[in-house]
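Asker: Structure provided below as structure tokens; questions to follow.
Protein chains: 2
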Amino acid sequence: MATRNIKEVAQLARVSVGTVSNVLNRPEIVSPATRERVFEAIKKLGFVRNEVARHLRVGRSRTVGLVVLDVSNPFFVDVAQGAESVADDHDSMVVLCNSAGDTGRERRHLDQLEQQRVMGILITPVEMESPWVEELIARGTPVVLVDSPATGLQCSVAVDDRLGGQIAGAHLIERGHRRIMFVGGPMSIKQVADRHAGVTSAVAAADGAVELLTSSAHTLTVAEGRAIGERVAALPPDERPTAAFCANDMMALGFLQAMASHGLRVPEDLAIIGYDDIDFAAAAAVPLSSIRQPRELLGRTAIDLLLEEVAEPEQHRHRQVIFQPDLVIRESSALRRDA
Amino acid sequence: MATRNIKEVAQLARVSVGTVSNVLNRPEIVSPATRERVFEAIKKLGFVRNEVARHLRVGRSRTVGLVVLDVSNPFFVDVAQGAESVADDHDSMVVLCNSAGDTGRERRHLDQLEQQRVMGILITPVEMESPWVEELIARGTPVVLVDSPATGLQCSVAVDDRLGGQIAGAHLIERGHRRIMFVGGPMSIKQVADRHAGVTSAVAAADGAVELLTSSAHTLTVAEGRAIGERVAALPPDERPTAAFCANDMMALGFLQAMASHGLRVPEDLAIIGYDDIDFAAAAAVPLSSIRQPRELLGRTAIDLLLEEVAEPEQHRHRQVIFQPDLVIRESSALRRDA
DNA sequence: CCGAGTCTTTGAGACGATTCAAAAGAATCT
DNA sequence: AGATTCTTTTGAATCGTCTCAAAGACTCGG
Numbered sequence: 004m005a006t007r008n009i010k011e012v013a014q015l016a017r018v019s020v021g022t023v024s025n026v027l028n029r030p031e032i033v034s035p036a037t038r039e040r041v042f043e044a045i046k047k048l049g050f051v052r053n054e055v056a057r058h059l060r061v062g063r064s065r066t067v068g069l070v071v072l073d074v075s076n077p078f079f080v081d082v083a084q085g086a087e088s089v090a091d092d093h094d095s096m097v098v099l100c101n102s103a104g105d106t107g108r109e110r111r112h113l114d115q116l117e118q119q120r121v122m123g124i125l126i127t128p129v130e131m132e133s134p135w136v137e138e139l140i141a142r143g144t145p146v147v148l149v150d151s152p153a154t155g156l157q158c159s160v161a162v163d164d165r166l167g168g169q170i171a172g173a174h175l176i177e178r179g180h181r182r183i184m185f186v187g188g189p190m191s192i193k194q195v196a197d198r199h200a201g202v203t204s205a206v207a208a209a210d211g212a213v214e215l216l217t218s219s220a221h222t223l224t225v226a227e228g229r230a231i232g233e234r235v236a237a238l239p240p241d242e243r244p245t246a247a248f249c250a251n252d253m254m255a256l257g258f259l260q261a262m263a264s265h266g267l268r269v270p271e272d273l274a275i276i277g278y279d280d281i282d283f284a285a286a287a288a289v290p291l292s293s294i295r296q297p298r299e300l301l302g303r304t305a306i307d308l309l310l311e312e313v314a315e316p317e318q319h320r321h322r323q324v325i326f327q328p329d330l331v332i333r334e335s336s337a338l339r340r341d342a
Numbered sequence: 004m005a006t007r008n009i010k011e012v013a014q015l016a017r018v019s020v021g022t023v024s025n026v027l028n029r030p031e032i033v034s035p036a037t038r039e040r041v042f043e044a045i046k047k048l049g050f051v052r053n054e055v056a057r058h059l060r061v062g063r064s065r066t067v068g069l070v071v072l073d074v075s076n077p078f079f080v081d082v083a084q085g086a087e088s089v090a091d092d093h094d095s096m097v098v099l100c101n102s103a104g105d106t107g108r109e110r111r112h113l114d115q116l117e118q119q120r121v122m123g124i125l126i127t128p129v130e131m132e133s134p135w136v137e138e139l140i141a142r143g144t145p146v147v148l149v150d151s152p153a154t155g156l157q158c159s160v161a162v163d164d165r166l167g168g169q170i171a172g173a174h175l176i177e178r179g180h181r182r183i184m185f186v187g188g189p190m191s192i193k194q195v196a197d198r199h200a201g202v203t204s205a206v207a208a209a210d211g212a213v214e215l216l217t218s219s220a221h222t223l224t225v226a227e228g229r230a231i232g233e234r235v236a237a238l239p240p241d242e243r244p245t246a247a248f249c250a251n252d253m254m255a256l257g258f259l260q261a262m263a264s265h266g267l268r269v270p271e272d273l274a275i276i277g278y279d280d281i282d283f284a285a286a287a288a289v290p291l292s293s294i295r296q297p298r299e300l301l302g303r304t305a306i307d308l309l310l311e312e313v314a315e316p317e318q319h320r321h322r323q324v325i326f327q328p329d330l331v332i333r334e335s336s337a338l339r340r341d342a
């Protein structure tokens with residue numbers, strides 16, 4: 004019931020607290036006999052080291068905060084798993100926080116993590132430039148931006164979203180689509196803006212032959228995708244786009260559901276391509292084409308950069324790692340269309 | 004850069020550390036003038052309270068550990084979100100840990116959480132009776148079992164899985180199926196065993212008219228569901244079941260993919276019903292029938308019980324809350340079959 | 001048996017915030 | 001003014017662990 008401390012262990016093993024601490028942290032400098040005695044005492048008492056006190060003394064925590072935009076998006080879960088697998092090897096811990104795209108929640112989580120004096124924070128910020136993050140860094144908490152470009156104050160890992168958007172756009176154009184809709188928002192989210200910019204440039208490269216519509220969304224959720232899908236399905240056929248590029252797979256899934264419920268065929272009546280290539284994309288009603296991001300690698304790399312910075316704060320130079328996205332073609336955009 | 008402490012704040016505000024602490028914790032007992040001065044000093048220095056030191060002194064943490072079987076299963080993400088929403092209102096924090104169905108990982112996470120002296124732990128244990136959990140409780144960390152039956156040592160919240168299995172079985176039988184396969188495993192997971200027991204009892208109630216096959220799986224993943232699906236699809240039509248009850252929606256999704264890739268129609272050639280009713284079930288290639296569990300409510304209730312126990316450890320009586328599952332019929336089991 | 005050199009063990013401060021008894025200061029009443 | 005009460009502020013002790021200088025115990029060569 005009562006939690007034991009190092010002192011009780013020391014008493015039972017008839018050694019000083021310093022020795023117990025040594026057994027715990029540098030067992031090799033303690034004589035085997037003493038070490039054994041201490042281990043027995045620990046076992047007998049059911050002693051569990053108080054990491055809080057240790058942390059207070061040592062000043063460095065072994066946990067890393069990861070603040071993501073949306074835990075219910077499997078993309079971020081995969082990123083988190085990537086980060087966690089690296090953390091595991093450094094016996095640290097990742098605590099996953101969900102900002103749910105809300106600045107207030109994001110800030111609360113950052114406050115909490117800073118108060119806990121975490122080793123560092125990985126974050127996919129809600130807004131591009133957040134004074135909170137900058138202050139955090141200024142006060143000494145290392146931060147790595149995930150799936151977001153750095154401002155120079157920190158490291159970052161990202162995937163080239165502009166390129167992704169361009170690839171998606173080019174693919175749809177190559178498939179003969181001349182009326183394409185970008186489904187996503189808000190544009191204040193950097194990733195969304197970039198993907199939009201990418202598809203815009205692909206459309207521009209087609210020299211006026213292709214028309215780009217844009218529907219703005221407030222959140223990148225299945226529900227929002229469905230809602231927009233409903234509106235699109237309701238359009239008269241000649242005003243309707245023939246293809247939709249959704250800012251992420253969640254939206255694409257929702258959009259797809261709306262098509263189905265309105266009896267529109269995918270890809271015959273309307274082709275869809277999503278973004279992220281989450282595992283569920285392949286299992287969708289119509290298997291979803293998507294732009295694949297190296298999800299786990301993103302998380303892995305982010306925490307690598309953080310650990311690097313923590314290990315050698317002095318000679319650390321902030322870096323920006325950028326990965327390339329891939330096009331994954333599935334049924335939802337498989338059809339070639341007569342232009 | 005250097006993190007400030009209460010002492011520096013006290014110096015700048017020309018008060019004692021005690022007063023600063025009071026401003027932080029019981030501002031109402033400090034005179035307005037002093038309070039203001041302290042706030043200014045805090046702001047000027049960019050002081051952030053060290054929660055670690057606070058915790059050490061106070062002895063009570065504000066964080067709760069949640070250890071789940073599989074973060075990539077949206078079911079658990081929803082449970083986590085339920086828990087988090089309650090934690091938010093009590094300004095505590097939920098840290099989400101993934102055992103990934105592995106006893107070793109589970110134990111490492113529990114150790115870490117105990118060392119951090121978390122307020123309590125919510126856990127979906129890998130194995131039914133874990134000595135680790137019992138020791139944890141014996142040493143004083145409150146535990147609530149989630150989606151798992153209690154042993155009397157702790158509170159628990161769960162959904163009646165046996166009933167769920169029964170409902171699923173009865174539904175398939177009512178739809179005319181006479182050869183049903185249970186897809187799932189391992190049976191060491193209580194939920195799986197119960198769902199299996201449920202469908203078994205439904206089949207038994209049909210008085211020998213219905214045959215129940217069981218395919219055992221090692222993990223409850225999409226990949227495993229797909230693998231089993233492949234094997235089932237390869238069976239000669241007369242040996243093949245006409246319906247599959249999958250232990251969760253992840254498996255059902257994988258199973259469904261295998262059917263599609265082998266040209267088997269769902270539900271015509273084979274009906275499928277899953278379990279959990281995760282959001283993606285409705286968006287599947289063939290919208291998936293499923294047994295719905297109150298996912299968020301599960302998380303909410305679990306943490307409620309924990310907070311209750313922490314608030315009044317003395318007069319707390321452990322409780323077991325059990326919810327009822329619901330049948331959600333979608334296309335994957337919609338067809339009536341001539342028996 | 002002494003002294004130098006190795007190994008081990010010791011124990012008194014930190015670390016940063018909270019607490020609480022007691023002191024100091026203000027306000028009120030005679 | 002002095003006594004009494006109420007409000008604020010103080011600062012030393014405390015939480016559990018780590019660190020490190022220094023003491024103690026041993027070994028070994030001379």
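Read top to bottom, the protein sequences are chains A and B. The first sequence begins at 4 in the working numbering and counts up one residue at a time. The second sequence begins at 4 in the working numbering and counts up one residue at a time. Glycine residues also receive a C-beta, built at the ideal position from the N, C-alpha and C atoms.
1) Taking only beta-carbon positions, decide if residue 77 of chain B is within less than 8 Å of chain A.
2) With DSSP collapsed to three states, give me the class of residue 5 of chain A.
3) Using a Cβ-Cβ distance under 8 Å, would residue 216 of chain B count as near chain A?
4) Any beta carbon of chain A sitting closer than 8 Å to that of residue 58 of chain B?
5) Output yes if chain B places a C-beta closer than 8 Å to the C-beta of residue 125 of chain A; else output no.
6) Assuming residue 170 of chain A and residue 330 of chain A form a contact by the criterion Cβ under 8 Å, report the distance between their Cβ atoms to the nearest whole angstrom.
7) Could you name the residues of chain A that residue 225 of chain B contacts, counting a contact when the two beta carbons are closer than 8 Å?
8) Is it right to say residue 150 of chain B is buried, meaning 16 or more other beta carbons lie within 10 angstroms of its own, or is it exposed?
9) Counting along the chain, where does the beta strand (DSSP E) carrying residue 246 of chain B start and finish?
10) Does any CB atom of chain B fall closer than 8 Å to the CB of residue 84 of chain A?
11) Compute the Euclidean distance between the alpha carbons of residue 323 of chain A and residue 159 of chain A, then round it to the nearest angstrom.
12) So residue 250 of chain B and residue 216 of chain B are supposed to be a Cβ contact under 8 Å. How far apart are they, rounded?
13) Cα separation between residue 276 of chain B and residue 212 of chain B?
14) Check the Cβ of residue 6 of chain B against every Cβ in chain A and list those closer than 8 Å, keeping chain order.
15) If you draw a straight line from the alpha carbon of residue 269 of chain A to that of residue 256 of chain A, how long is it in whole angstroms?
16) With distance defined between alpha-carbon atoms, name the residue in A/163, A/308, A/288, A/25 nearest to residue 86 of chain A.
17) Exposed or buried, which one is residue 32 of chain A when buried takes at least 16 other CB atoms within 10 Å?
18) For the segment 45 to 65 of chain A against the segment 71 to 91 of chain B, are there 3 or more C-beta pairs whose distance is under 8 Å?
19) CB-CB under 8 Å to residue 295 of chain A, same chain, minus the five flanking residues each way: which ones, in chain order?
20) Rounded to whole angstroms, how far is the Cβ of residue 69 of chain B from the Cβ of residue 99 of chain B, which I believe are closer than 8 Å?
21) Anyone know if the C-beta pair for residue 117 of chain B and residue 154 of chain B falls short of 8 Å?
22) Answer with yes or no whether the minimum CB distance from residue 132 of chain B to chain A is below 8 Å.
23) When you compare only the Cα positions, how much space is there between residue 125 of chain A and residue 241 of chain B?
24) How about residue 318 of chain B: is its C-beta nearer than 8 Å to some C-beta of chain A?
25) With a threshold of 7 Å on Cβ separation, who are the neighbours of residue 132 of chain B within its own chain once the five nearest residues in sequence on each side are excluded?
26) In chain order, what residues of the same chain have a beta carbon less than 8 Å from the beta carbon of residue 283 of chain A, not counting five sequence neighbours either side?
27) Of all the CB atoms in chain B, is at least one closer than 8 Å to the CB of residue 299 of chain A?
28) Give the straight-line distance between the Cα atoms of residue 59 of chain B and residue 292 of chain A, rounded to the nearest whole angstrom.
29) Note down, in chain order, each residue of its chain lying with its Cβ closer than 7 Å to the Cβ of residue 130 of chain B, except the 5 sequence neighbours on either side.
30) If the cut is a Cβ gap below 7 Å, which residues of chain B does residue 52 of chain A touch?
31) Can you tell me where the alpha helix (DSSP H) with residue 133 of chain A in it begins and where it stops?
32) If you reduce the DSSP assignment to three classes, tell me which class residue 295 of chain A lands in.
33) Hey, could you find the ends of the beta strand (DSSP E) residue 185 of chain B is sitting in?
34) If you draw a straight line from the C-alpha of residue 336 of chain A to the C-alpha of residue 200 of chain A, how long is it?
35) Going by other Cβ atoms of all chains shown within 10 Å of its Cβ, with 16 needed for buried, is residue 61 of chain B buried or exposed?
36) May I ask you to list, following chain order, the residues of the segment 146 to 162 of chain A that have a beta carbon less than 7 Å from some beta carbon of chain B?
Answerer: For this structure:
1) Locating residue 77 of chain B in the second sequence gives position 74, counting from the first residue. Yes, residue 77 of chain B counts as interfacial toward chain A.
2) For this step, residue 5 of chain A is matched to residue 2 along the first sequence. Coil, per DSSP.
3) Numbered from 1 along the second sequence, position 213 holds the residue referred to as residue 216 of chain B. Judged by the 8 Å Cβ criterion, residue 216 of chain B is not in contact with chain A.
4) What you label residue 58 of chain B is simply residue 55 of the second sequence in a count that begins at 1. Yes - at least one Cβ of chain A is within 8 Å of the one on residue 58 of chain B.
5) Locating residue 125 of chain A in the first sequence gives position 122, where the first residue counts as 1. It does not: the Cβ of residue 125 of chain A has no partner Cβ on chain B nearer than 8 Å.
6) Translated into the one-based positions of the first sequence, residue 170 of chain A becomes position 167. Translated into the one-based positions of the first sequence, residue 330 of chain A becomes position 327. Their Cβ separation, rounded to whole angstroms, is 5 Å, which keeps residue 170 of chain A and residue 330 of chain A in contact under 8 Å.
7) Translated into the one-based positions of the second sequence, residue 225 of chain B becomes position 222. Simply 282, 286.
8) In the second sequence, the residue the question calls residue 150 of chain B occupies position 147. Result: buried.
9) Here residue 246 of chain B is taken as the residue at index 243 of the second sequence, counted from 1. Here the beta strand (DSSP E) through residue 246 of chain B covers 246 to 249.
10) Locating residue 84 of chain A in the first sequence gives position 81, where the first residue counts as 1. Yes - at least one Cβ of chain B is within 8 Å of the one on residue 84 of chain A.
11) Sequence index remark: in the first sequence, residue 323 of chain A carries index 320 (1-based). Sequence index remark: in the first sequence, residue 159 of chain A carries index 156 (1-based). Approximately 5 Å between the Cα atoms of the pair.
12) For this step, residue 250 of chain B is matched to residue 247 along the second sequence. For this step, residue 216 of chain B is matched to residue 213 along the second sequence. Not quite, the Cβ-Cβ distance comes to about 14 Å (not below 8 Å), so this is no contact.
13) Taking the second sequence and counting its residues from 1, the one referred to as residue 276 of chain B is at position 273. Taking the second sequence and counting its residues from 1, the one referred to as residue 212 of chain B is at position 209. Their backbone Cα atoms lie some 20 Å apart in a straight line.
14) In the second sequence, residue 6 of chain B corresponds to position 3, counting from 1. Result: 120, 142, 143.
15) One-based indexing of the first sequence puts residue 269 of chain A at position 266. One-based indexing of the first sequence puts residue 256 of chain A at position 253. Roughly 12 Å separates the two Cα atoms.
16) To locate residue 86 of chain A, count along the first sequence from 1; it is residue 83. When each option's Cα is compared against that of residue 86 of chain A, the closest is A/308.
17) Numbered from its first residue, the first sequence carries residue 32 of chain A at position 29. Result: exposed.
18) no
19) Along the first sequence, read from residue 1 onward, the residue named residue 295 of chain A stands at position 292. 279, 280, 328, 329, 330, 331, listed in sequence order.
20) As a position in the second sequence, residue 69 of chain B is number 66, starting the count at 1. As a position in the second sequence, residue 99 of chain B is number 96, starting the count at 1. Indeed, because the Cβ distance is near 5 Å, the residues count as touching under 8 Å.
21) For this step, residue 117 of chain B is matched to residue 114 along the second sequence. For this step, residue 154 of chain B is matched to residue 151 along the second sequence. Cβ distance not < 8 Å, so residue 117 of chain B and residue 154 of chain B don't count as in contact.
22) Here residue 132 of chain B refers to the residue found at position 129 of the second sequence. Judged by the 8 Å Cβ criterion, residue 132 of chain B is not in contact with chain A.
23) In the first sequence, residue 125 of chain A corresponds to position 122, counting from 1. In the second sequence, residue 241 of chain B corresponds to position 238, counting from 1. Their backbone Cα atoms lie some 54 Å apart in a straight line.
24) Start at 1 with the first residue of the second sequence, and residue 318 of chain B comes out as number 315. With 8 Å as the cut-off, residue 318 of chain B does not count as an interface residue toward chain A.
25) Taking the first residue of the second sequence as 1, we reach residue 132 of chain B at position 129. Closer than 7 Å at Cβ, skipping near neighbours: 154.
26) Here residue 283 of chain A refers to the residue found at position 280 when the first sequence is read from its first residue. These residues qualify, in order along the chain: 77, 252, 256.
27) Translated into positions along the first sequence, residue 299 of chain A becomes position 296. Output row for residue 299 of chain A: interface = no.
28) Position 56 of the second sequence, counted from the first residue, corresponds to residue 59 of chain B. Position 289 of the first sequence, counted from the first residue, corresponds to residue 292 of chain A. Cα to Cα, residue 59 of chain B sits roughly 52 Å from residue 292 of chain A.
29) To locate residue 130 of chain B, count along the second sequence from 1; it is residue 127. For residue 130 of chain B, where only same-chain residues beyond five positions count, the Cβ hits under 7 Å are 106, 191.
30) Reading the first sequence from its first residue, position 49 is the one you call residue 52 of chain A. Going along chain B in sequence order, the residues near residue 52 of chain A (Cβ under 7 Å) are 118.
31) Residue numbering aside, residue 133 of chain A sits at position 130 when the first sequence is read from its first letter. Unbroken run through residue 133 of chain A: none, as it is neither H nor E.
32) One-based indexing of the first sequence puts residue 295 of chain A at position 292. Note: residue 295 of chain A maps to strand in three-state DSSP.
33) Looking up residue 185 of chain B in the second sequence gives position 182. First-last of the beta strand (DSSP E) with residue 185 of chain B: 182 to 187.
34) As a working mapping, residue 336 of chain A is identified with position 333 in the first sequence. As a working mapping, residue 200 of chain A is identified with position 197 in the first sequence. When rounded, the distance between both Cα atoms is 21 Å.
35) The residue you call residue 61 of chain B lines up with position 58 of the second sequence. Its Cβ having fewer than 16 others within 10 Å, residue 61 of chain B is exposed.
36) none
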